[in-house]
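There are 2 protein chains.
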Amino acid sequence: MYDCIVIGTGAAGVSAALTLKARGKNFVLLGSKNLSSKIEAAEEINNYPGLPAISGKGLKAALLNHLQSCGIAVTPAQVTGVYAMGESFSVLTDGQSYEGKTVILATGVESVKPVAGELEFLGRGVSYCATCDGLLYKGKKIVAVSTSPAFEEEVEYLSSLASSVVFVPLYKGAKLSAQNIQTVRDMPRAIEGDMRVRRVVFAKQTVECDGVFLLKEAIAPSALVPGLKTEGGHVSVSRDCSTNLKGLFAAGDCTGRPYQYAKAVGEGNVAAHSVCEFLSLSDKDKK
Amino acid sequence: MYDCIVIGTGAAGVSAALTLKARGKNFVLLGSKNLSSKIEAAEEINNYPGLPAISGKGLKAALLNHLQSCGIAVTPAQVTGVYAMGESFSVLTDGQSYEGKTVILATGVESVKPVAGELEFLGRGVSYCATCDGLLYKGKKIVAVSTSPAFEEEVEYLSSLASSVVFVPLYKGAKLSAQNIQTVRDMPRAIEGDMRVRRVVFAKQTVECDGVFLLKEAIAPSALVPGLKTEGGHVSVSRDCSTNLKGLFAAGDCTGRPYQYAKAVGEGNVAAHSVCEFLSLSDKDKK
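First to last, the protein sequences are chains P and D. Residues are numbered in the numbering used here as their position in the first sequence, beginning at 1, plus a constant of 814. Residues are numbered in the numbering used here as their position in the second sequence, beginning at 1, plus a constant of 814.
Okay, structure coming up:
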């Protein structure tokens, strides 16, 4: 049982991890070895105090170096669900599950809005994770919408199972060559069906299918954590980064604007302190 | 008329200034050329993301370098009062006054609690600023309590005016040699008097006097800004760093715990964004 499970390796998650480490907590940092493709994509950052005119790549390297120098490892994982179990939390990923007394959600924000029907059909034909749900679609017809080249491997995996894949990259320069992959440039507008997904409506066409994979780096917090209070797609937090779920805290872009590195590291720090306080209070309760 | 007056050159004030600069605002940054003696005193900081195991001196140098590289100058000033004037703010310092459409208060926190009677006698024998009020004590007997060697010059100035100065340094290694300065090692407990200050009660003795100068880097926000809502000595702020006074925002240690660099730069960033939004909305109102 971890003291804390930090979900996300952007600026907020890294900041939370550094403070938890400084405070001697037993935690796991779930995310990407590459930290964040969003940070990396930033051209020049001028207002992250102490690192003038740094590139996104430079900031990413500085954060990676900081984690390494503190002996903090990133556990590569794609989180598919966070469940409040009463006294603790279960965090499910593509590979396994983790148990923690507390959770810090630092999942970032997706610039693409949820598609109509996305939450409604979640678990009934809508999936966020090829590794988790791919086997359900053996010999079926699927749609895979992806926001990043990081997911091309997942799409290839899906194509090895499905009869056919309509691949909809929402970025430039995608190239997938499997015979049963048809690449389509379009914008998803709605997911429709009856008991299960039957079709995806795009701006220019409608595609019949048995399932749709929405492959994106930041999943809507409300889809990830049942019962979590959100507002306009952002996690509702107090000044101490606490949410409506006791023991679950949120930090960084997922809590709302401004989407800024300085704000994210600040909230990561605050959330980690709130976790320490929460753990100390629960320990006292038990005595 | 400035778009914004940033008060304080700790991590929060520097972060706010960097973001205001990036957003092209017309602002003044009031504080110390040395930024903050508190930052400088930190031995090693392990959880400021991107700058692993940095000393306080190192972080201070990094922040100073960042300001310089962005062409932001610090205006040395000791702020003695912030007054809401309706559509704008007047900020009074030891030297002059500044007018701004908005204010970001980033004044830090004083580890020394206000002394009993301090706020009650403010302006009636209690002063925070030798340059501002020294002349009122020509030939009088005064007490000067100081939290930092930075104020020794002010105490010397006071000794050139007053008949005698009881100097109470709350730090080690103070050395002032003027004949009419008596250095006393004690802790102030209460300021007492009738219409005006008559004496300061210390832990070990009581000193009769005509006035008391409390020389400290962070003045209690409630003493600095009439009408500002505080709680337990901290400025009450919303998540966007707004206070109960429209157009006045607060960031960093002065808004409460955790007293951390990451939290301070985060709030400085958020406060600057809130200032930009506030300015944009007021401009629209006027059209």
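Cβ atoms here follow ideal geometry from the backbone N, Cα and C, with glycine treated the same way. Note that the structure is a prediction, hence the values are computed from the model and not measured.
Within the segment 818-863 of chain P, the complete beta strand (DSSP E) runs of at least 3 residues fall at 841-845. Taken in chain order, the complete beta strand (DSSP E) segments of 3 or more residues contained in the segment 1052-1090 of chain D are 1062-1064.
Distance from the CA atom of D/Ala-891 to the CA atom of P/Ser-1088, rounded to whole angstroms, is 35 Å. Straight-line measurement puts the Cα of P/Thr-907 at about 35 Å from the Cα of D/Ile-868. For P/Leu-1028, none of the residues of chain D pass the 9 Å Cβ criterion, the least Cβ distance being about 29 Å. P/Asn-879 belongs to the set of residues whose beta carbon lies under 9 Å from a beta carbon in chain D. DSSP lists P/Val-980 as the bridge partner or partners of P/Gln-996. Taking C-beta separations shorter than 6 Å and ignoring five residues to either side along the sequence, D/Lys-986 has no partners in its chain. In the DSSP annotation of this structure, the continuous segment of the beta strand (DSSP E) that includes P/Pro-890 starts and ends at 888-890. If you draw a straight line from the Cα of P/Leu-844 to the Cα of P/Leu-1062, it comes to about 15 Å. In the same chain as D/Pro-1002, and ignoring 5 residues on each side of it, the C-beta atoms closer than 7 Å to its own belong to Val-929, Val-959, Val-982, Val-1014, Phe-1016, in chain order. A straight line joining the alpha-carbon of P/Gln-910 with that of D/Gln-882 spans about 49 Å.
Selection P/Ala-1037, P/Asn-994, P/Arg-999, P/Val-1021 evaluated against P/Gly-1007 yields P/Val-1021 as nearest (Cα-Cα). The beta carbon of D/Gly-870 lies closer than 6 Å to those of Ile-853, Glu-854, Ala-855, Ala-856 in the same chain, with the five residues before and after it left out. Rounded to whole angstroms, the gap between the alpha carbons of P/Ala-887 and D/Ser-902 is 50 Å.
Close partners of P/Ser-829 in chain D (Cβ separation under 8 Å): Asn-861, Pro-863, Ala-1076. Of all alpha-carbon atoms in P/Val-820, P/Met-815, P/Tyr-816, the one lying nearest the alpha-carbon of P/Gly-1066 is that of P/Val-820. Of all alpha-carbon atoms in D/Tyr-951, D/Arg-1053, D/Ser-1094, the one lying nearest the alpha-carbon of P/Arg-1071 is that of D/Arg-1053. Annotated three-state conformation of D/Val-1039 is coil, per DSSP. When only Cα atoms are considered, P/Glu-924 and P/Leu-936 end up about 17 Å apart. In the three-state reduction of the DSSP assignment, P/Gly-1007 falls in the strand class, which pools E and B. Per DSSP, P/Leu-933 is not a residue of any alpha helix (DSSP H), being assigned neither H nor E. Rounded to the nearest angstrom, the gap between the Cα atoms of D/Lys-1018 and D/Arg-999 is 9 Å.
In summary, D/Gln-993 is exposed, with fewer than 16 beta-carbon neighbours lying within 10 Å of its beta-carbon over all protein chains present.
According to DSSP, P/Pro-866 shares a beta bridge with no other residue.
Boundaries of the beta strand (DSSP E) harbouring P/Glu-1022: 1020-1022, taken from the DSSP string.
Distances from the alpha-carbon of D/Leu-834 to those of D/Pro-1035, D/Asp-1099, D/Val-1079 put D/Val-1079 closest. Not flagged as an interface residue toward chain P: D/Arg-1003, since no C-beta distance is shorter than 9 Å. With a 10 Å radius around the Cβ and a threshold of 16 neighbouring Cβ atoms, P/Asn-840 comes out exposed. The DSSP-derived three-state label of D/Gly-937 is coil. Take P/Asn-860, set aside five residues on each side of it, and the residues of its chain with a beta-carbon closer than 8 Å to its own are Pro-866, Ala-867, in chain order. Within chain D, the residues whose beta carbon sits less than 7 Å from that of P/Val-1084 are Pro-1072, Lys-1077, listed in sequence order.
Using beta-carbon distances, P/Val-1051 counts as an interface residue toward chain D, with a partner under 9 Å. Take P/Val-1039, set aside five residues on each side of it, and the residues of its chain with a beta-carbon closer than 6 Å to its own are Val-896, in chain order.
Among the residues of chain D, none has a CB under 8 Å from the CB of P/Leu-849; the nearest is roughly 11 Å distant. Residue pairing from DSSP places P/Ser-960 in a beta bridge opposite P/Pro-983, P/Leu-1029.
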